[in-house]
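Encoded as structure tokens, the structure appears first; notes follow it.
Number of protein chains: 2
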Amino acid sequence: MTDAPLVAGVELGGTKCVCVLATGPGDIRAEARVPTTTPGETLPAIEAILDRWAQEHRFAALGLASFGPVDVDRASPTYGAITATPKPGWRHVDVAQRLIARFAVPTGFDTDVSGAALAEGRWGGAQGLESFCYVTVGTGVGVGVISSGQPVRGLGHAEVGHLRIARAPGDSWPGACIYHGGCVEGLASGFAVEQRTGQRGETIGADDPVWGLVAHALGGMCHNLVLTAVPQRILIGGGVATKQPQLIPLIRAALIESLAGYAEADRIAAQIDAFIVPPALGDQAGPMGAIALGLDAL
Amino acid sequence: MTDAPLVAGVELGGTKCVCVLATGPGDIRAEARVPTTTPGETLPAIEAILDRWAQEHRFAALGLASFGPVDVDRASPTYGAITATPKPGWRHVDVAQRLIARFAVPTGFDTDVSGAALAEGRWGGAQGLESFCYVTVGTGVGVGVISSGQPVRGLGHAEVGHLRIARAPGDSWPGACIYHGGCVEGLASGFAVEQRTGQRGETIGADDPVWGLVAHALGGMCHNLVLTAVPQRILIGGGVATKQPQLIPLIRAALIESLAGYAEADRIAAQIDAFIVPPALGDQAGPMGAIALGLDAL
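Protein sequence lines, in the order shown, are assigned to chains A and B. Per the working numbering: the first sequence = residues 841 to 1138. Per the working numbering: the second sequence = residues 841 to 1138.
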């Protein structure tokens, strides 16, 4: 227990939503899960949980970390909505505005990966840094880009998983992204690995050549991140990265080779084991991301 | 004449340095040029000009926009120096600290392209925007990335000209960048065009297929900028872009094709002629960048 503000957080995921009442990862007061089915079922179930918490505990802020893409422009009439998701039934569904109206507390709303990045910055592997990236390599590839302490903003939010990168020499597999074919997600996601090999990722040996191709794509993404968002550190987690721990050293080597001595390459190479690292919060990054967004709204 | 603060600006370029005393592009009180030879010649010549201006006019701030890479980390002992430039004699040469010590006024220091971007934000083609990019395609490819009104900061400054991108189908020319071969600069700079064709860019016809390859590289760079820095607008100027005006429509088409409907692609496509535009300040963007950096230091 601490004197820190109590925050209600909701991580809206593609298959389940995690509601959490906490001041931070060391002080979780309550947690509840709701399956993500339809907005008509899922959102009222979340509201019922938050209603109970509001009565029993009062919370000072609300944080919402959602699967995307989402409308994060506070000046937009559709601020707080999920936008062009392929997820059936959830396209153009308001999430934040109805909860802001219901609970009338300061509310933060952003993508799940931006939230997770902020949580790593507050409590995890990016503490003390102003500019860093959080990458999750799972079914897809998601990236939270933090610049000067905040998620990068402009025309929407970052979608770095869909960068187009230089291909590994001799690799002409078309890739698995329905939009871009061989973008980063189309080459390096768990779904892409499954499409390319016909095997589930966890059944593929650590020395299979597919991991070199995955690391090449992720190293290429890191090259472009380094030269655009100039992070002080890149955290790489998610199911694929966690289950195939040989990937991180391969990505480090791919980044150094790709930078080829340019710009801050020497500084990065000299501290590469601290520059590309696994995240520190593990499975907590998602729900703690919602708490971090709530705290940032205060 | 205005009541705005009077700023002394220095644009340090690879061949010449432009000193300017101004409140903005509509109110230039003095201008002087110094050839860029050696630091031992060039920097004292700049100081002599600024000394005179300091006596005659007093200026409230100083702005320094330099060729790069430069050390922009205010906490670094080498803040204000040019770092790993290939330019003979200028590697690890302090520029800002000696001028800060000499004139004791608030001083802004950044790359020439960050300065030019800020000038376009204040007075030119990016007024009213928080997040935008300024691209110059000349001998090299330089990009100023502005996020939430300021140049992106972290481990150094952005160096987007050296992104690695997907190659145009069937194009296997190795590229002209000494670090990366076929990065953006290695494919799209004036130097790269000259290397590839054996002709100077201004002698190549507008319908030559090389411009399609240049536009593919710059469109790929814009794709990655859109998904990382999420700019509200991208300004593209510089000698090559100015002398080959057919490039801007080709880059617009390449970006739309590359985004392939993803993320904010529909919003961008609907306003593409306002999304990728030439800069508004022309040759003034460089020196006015120095003035903008001085104003931002106040």
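Glycine included, each C-beta is placed from N, C-alpha and C at the ideal position. Quick caveat, the model's predicted, so the values are computed rather than measured.
Using beta-carbon positions only, say whether residue i and residue j come within less than 8 Å of one another.
i, j, result
"ALA1008/B", "HIS1056/B", "yes"
"GLN1072/A", "GLY994/B", "yes"
"ALA1137/A", "ALA888/A", "no"
"ARG1004/A", "CYS973/A", "no"
"ALA959/A", "LEU1121/A", "yes"
"LEU1058/A", "ILE1091/A", "yes"
"VAL858/B", "ILE868/B", "no"
"GLN1086/B", "ALA1046/B", "yes"
"TYR1019/A", "GLY1101/B", "yes"
"GLY929/B", "THR855/B", "no"
"LEU1067/A", "ALA1105/A", "no"
"VAL992/B", "VAL1070/A", "yes"
"VAL985/A", "GLY1030/A", "no"
"ALA905/B", "GLU871/B", "no"
"GLY849/B", "GLY920/B", "no"
"GLU1078/A", "VAL977/A", "In the sequence on display, residue 1078/A carries Gly and not Glu. A contact, by the Cβ cut-off of 8 Å."
"PRO946/A", "THR925/A", "no"
"VAL1025/B", "GLY955/B", "Looking at the sequence itself, residue 1025/B is Glu, so the reference to Val does not match. Against a cut-off of 8 Å, the Cβ pair of GLY955/B and GLU1025/B comes out as no contact."
"CYS1062/B", "LEU1027/B", "no"
Apply the 10 Å Cβ neighbour rule to residue i and answer buried if 16 or more other Cβ atoms are within range, or exposed otherwise.
i, result
"ALA966/A", "buried"
"SER1012/B", "exposed"
"ALA915/B", "exposed"
"THR1043/B", "exposed"
"PRO1119/B", "buried"
"ASP1123/A", "exposed"
"GLN1039/A", "exposed"
"GLN1084/A", "buried"
"HIS897/A", "exposed"
"GLY968/B", "exposed"
"ASP950/A", "buried"
"GLU999/B", "buried"
"HIS997/B", "buried"
"ASP911/B", "buried"
"GLY1041/B", "buried"
So residue i and residue j are in contact, right, with Cβ under 8 Å, and what is the actual spacing, rounded?
i, j, result
"ASP952/A", "GLY853/A", "7 Å"
"GLY989/B", "GLU970/B", "5 Å"
"GLY948/A", "GLY1134/A", "5 Å"
"ARG873/B", "ALA1132/B", "With a Cβ gap of about 19 Å, ARG873/B and ALA1132/B do not count as contacting."
Could one say the Cβ of residue i lies closer than 8 Å to chain B's Cβ atoms, at least one of them?
i, result
"SER988/A", "yes"
"GLY1101/A", "yes"
"VAL1000/A", "yes"
"LEU1067/A", "yes"
"ILE1005/A", "yes"
"PRO1071/A", "yes"
"SER1098/A", "yes"
"PRO865/A", "no"
"PRO1049/A", "no"
"PRO1166/A", "No answer is possible for residue 1166/A: it lies beyond the span of chain A, which begins at 841 and ends at 1138."
"TYR919/A", "no"
"VAL850/A", "no"
"GLY1060/A", "yes"
"PRO909/A", "yes"
"VAL985/A", "yes"
"HIS1056/A", "no"
"HIS932/A", "no"
Taking DSSP's pairing of strands, which residues face residue i in a bridge?
i, result
"SER906/A", "LEU852/A, THR951/A"
"GLY996/B", "GLY994/B"
"GLU871/A", "VAL860/A"
"CYS1017/B", "GLY1021/B"
"CYS973/B", "VAL985/B, ILE1074/B"
"ILE1116/A", "ILE1074/A"
"VAL933/A", "ILE922/A"
"VAL847/B", "ALA862/B, ALA901/B"
Run the proximity test for residue i: is its beta-carbon closer than 7 Å to any non-hydrogen atom belonging to the ligand SAM?
i, result
"LEU1058/B", "Looking at this structure, you won't find the ligand SAM or any other ligand, since it has none at all."
Taking 8 Å as the CB-CB cut-off, is residue i touching chain A?
i, result
"VAL975/B", "no"
"PRO1127/B", "no"
"SER971/B", "yes"
"GLY996/B", "yes"
"GLY961/B", "no"
"VAL981/B", "no"
"GLY964/B", "no"
"GLU887/B", "no"
"VAL992/B", "yes"
"ARG1092/B", "no"
"ARG1107/B", "yes"
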